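Here is the structure we will look at.
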Ligand code: AQP
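Residue numbers (our numbering): 311 to 642.
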């Protein structure tokens with residue numbers, strides 16, 4: 311059976327981009343693949359974190375996975391730091407990764423901004439740790455949003471370089487699974503920017519924990535343009551905010567963007583936004599309620615993560631032993 315690995319950073323609340331671009335697809339994929347899903351807390355600390363908030367966000371993220379429909383019995387769910395093999399393989403792979411490959415990563419440039427020299431080594435090496443996350447389990451497929459495509463290509467390059475160096479197909483080259491209508495959800499305030507947890511404005515995103523009134527307010531305030539909705543997809547190409555809202559609606563309603571447009575063509579945004587609020591609340595409110603229920607029993611969440619780390623740890627130990635042998639690390 312093909313194996314999936316994916317994860318999200320417990321940096322703060324998950325948002326609609328994380329849900330539509332990744333999490334929702336995980337739920338559908340668990341029937342066809344062996345799935346390993348992780349809260350990537352070691353990635354979160356590439357930028358400063360408050361320890362108490364990090365612990366809370368890690369549990370929240372696992373609760374969000376389960377509330378969205380990921381089955382903790384069928385899938386392996388855990389916090390990345392619970393399996394030390396991620397860091398260990400990360401180091402080994404960093405010894406096989408040319409700096410030139412990392413210099414091309416656009417996310418580092420965006421996140422480090424103008425203060426490149428002050429950015430941490432962890433932020434720079436983030437894509438190597440991500441490659442290790444995937445290759446530690448010899449995952450064949452990785453469901454992600456479009457923003458992670460470049461990092462996944464690097465993971466394939468690193469896997470290929472390692473295989474060539476030791477003359478053995480140790481790691482499968484992981485395939486990205488970029489699925490659904492909303493592979494890149496944009497900010498509600500600026501259609502040219504990705505919806506992101508780290509955006510300063512909370513009005514730029516819909517959090518999975520927002521209550522119905524907050525969702526309605528954010529959608530009402532979402533930036534649009536003065537024109538009514540067009541009838542053809544091609545007309546959205548020059549209207550990023552309209553395009554984004556249509557994409558969000560289509561993904562939430564489980565239809566194509568063309569179907570959404572055929573229903574709302576010629577209507578004003580005031581009317582369309584009412585329908586968008588309705589579908590967003592209908593979709594997110596039950597997940598939110600289930601998340602709150604799960605967070606009421608932290609003991610059970612921790613048990614799920616401990617069991618997940620044990621299951622993941624067994625696969626990781628076997629694959630790491632193979633890597634140690636290949637590269638000549640002695641295990642007397
Ligand atoms: N706007 C988005 N549209 C579609 N998919 C998205 N993803 C993130 N943003 C969007 C996908 O969600 C998964 C988890 O992402 P992550 O938490 O590991 O980190 P990220 O991609 O860096 O997300 P953020 O919100 O932008 O976090 P910050 O602001 O902390 O950096 C991934 O599969 C990602 O593709």
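Yeah, the Cβ is synthetic: ideal placement off N, Cα and C, and Gly gets one too.
From a predicted model like this one, the values you see are computed outputs, not experimental measurements.
* Asked: the ligand AQP heavy atoms versus the CB of residue 321: any closer than 7 Å?
  -> Yes; taking the cut-off as 7 Å, the Cβ of residue 321 has a heavy atom of the ligand AQP nearer than that.
* Asked: Thinking C-alpha only, which one of 382, 482, 579 is nearest residue 611?
  -> 382
* Asked: In its own chain, which residues sit with a C-beta less than 8 Å from the C-beta of residue 335, not counting the 5 before and 5 after it?
  -> If we look at residue 335 and ignore the five residues flanking it on each side, its Cβ neighbours are 453, 487, 489, 490.
* Asked: Near residue 364, what residues of its chain come up, given a Cβ to Cβ distance below 7 Å and the 5 sequence neighbours on each side ignored?
  -> 320, 351, 354
* In angstroms, rounded to a whole number, what distance separates the CA positions of residue 398 and residue 427? -> Using only the alpha carbons, I get a separation of about 26 Å.
* Would you say the beta carbon of residue 340 comes nearer than 7 Å to a heavy atom of the ligand AQP? -> no
* residue 346 - partner residues in DSSP beta bridges -> 315, 386
* To do: Give a single yes or no on whether residue 325 has its beta carbon closer than 7 Å to a heavy atom of the ligand AQP.
  => yes
* Comparing the CB of residue 316 with every heavy atom of the ligand AQP, is any distance shorter than 7 Å? -> yes
* residue 496 - DSSP class collapsed to helix/strand/coil -> strand
* Identity of the residue in 325, 517, 349 nearest residue 388 by Cα -> For residue 388, the closest alpha carbon among the candidates 325, 517, 349 is that of 349.
* Span separating the alpha-carbon of residue 496 from that of residue 401 -> 34 Å
* To do: Assign residue 478 to one of three DSSP states: helix, strand, or coil.
  => coil
* Asked: Excluding five sequence neighbours on each side, which residues of the same chain lie with their C-beta closer than 6 Å to the C-beta of residue 584?
  -> none
* Asked: Mind checking residue 514: buried by the 16 CB within 10 Å criterion, or exposed?
  -> buried
* To do: Report the partner residues of residue 533 according to the DSSP bridge assignment.
  => Paired residue(s): none; residue 533 is not in a bridge.
* Which two residues bound the contiguous beta strand (DSSP E) that contains residue 540? -> Here residue 540 belongs to no beta strand (DSSP E), and DSSP marks it neither H nor E.
* To do: Over the uninterrupted alpha helix (DSSP H) stretch that includes residue 485, give me the two end residues.
  => Taken as a continuous stretch (DSSP letters only), residue 485 belongs to no alpha helix (DSSP H), being part of the beta strand (DSSP E) at 485 to 487.
* Can you tell me the Cβ-Cβ gap for residue 589 and residue 571, rounded? I've got them flagged as a contact below 8 Å. => Not a contact, Cβ separation roughly 15 Å.
* Asked: In terms of alpha-carbon separation, which member of 582, 539, 468 lies closest to residue 531?
  -> Of 582, 539, 468, the residue nearest in Cα terms is 582.
* To do: Tell whether a beta-carbon distance below 8 Å holds between residue 616 and residue 448.
  => no
* Work out the CA separation of residue 642 and residue 420 for me, nearest whole Å. => 45 Å
* Any heavy atom of the ligand AQP closer than 7 Å to the Cβ of residue 520? -> no
* Asked: Does the Cβ-Cβ distance between residue 560 and residue 551 come in under 8 Å?
  -> no
* Asked: Along the chain, where does the alpha helix (DSSP H) that runs through residue 353 open and close?
  -> Where residue 353 is concerned, the enclosing alpha helix (DSSP H) stretches over 351 to 354.
* Asked: Between the segment 535 to 542 and the segment 460 to 472, do at least 3 Cβ pairs fall closer than 8 Å?
  -> no
* Check whether the Cβ of residue 455 lies closer than 7 Å to any heavy atom of the ligand AQP, and answer yes or no. => yes
* Buried or exposed: where does residue 484 fall if 16 or more other Cβ atoms within 10 Å of its Cβ makes it buried? -> By the neighbour-count rule (16 or more Cβ atoms within 10 Å), residue 484 is buried.
* Flag this pair as yes or no: are the beta carbons of residue 518 and residue 343 separated by less than 8 Å? => no
* Range of the contiguous beta strand (DSSP E) that encloses residue 596 -> Element bounds for residue 596: not the beta strand (DSSP E) but the alpha helix (DSSP H), 579 to 605.
* **Endpoints, the alpha helix (DSSP H) within which residue 633 is located** => 608 to 637
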